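Numbering (this note's numbering), first residue to last: 1 to 79.
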């Protein structure tokens with residue numbers, strides 16, 4: 001995720017056939033507390049659902065987001 005041309009955060013993942021395994025999410029110092037992690041999680045999860053991929057949330061931040069937001073249940077394989 002870029003903000004004003006500067007890297008502000010990213011989600012690490014491993015792509016597998018038909019699934020995406022989220023392993024870590026980072027919001028860089030100086031960008032924390034602005035809701036960017038939440039926006040990033042929503043974007044990557046919505047993208048995975050749109051592509052018909054199964055979501056495997058090993059990342060604690062992604063897992064917490066999924067527990068707080070409805071609509072992803074049918075696409076998640078909990079580890």
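We put the CB at the ideal spot given by N, CA and C, even for glycine. Just so you know, these numbers come straight off a predicted model, no measurement behind them.
Secondary structure of residue 28 (DSSP, three-state): coil. Less than 8 Å divides the Cβ of residue 53 from the Cβ of residue 19.
In this structure the stretch 52 to 70 does not lie against the stretch 28 to 36, because fewer than three pairs of beta carbons, one per stretch, are closer than 8 Å. In this structure, the alpha-carbon of residue 8 lies about 18 Å from that of residue 22. Distance from residue 44 to residue 15 at the Cβ level is roughly 12 Å; contact not present, criterion being Cβ atoms closer than 8 Å.
The beta carbon of residue 40 lies closer than 8 Å to those of 1, 9, 10, 11, 25 and 27 in the same chain, with the five residues before and after it left out. Taking 8 Å as the cut-off, the Cβ atoms of residue 38 and residue 65 count as close.
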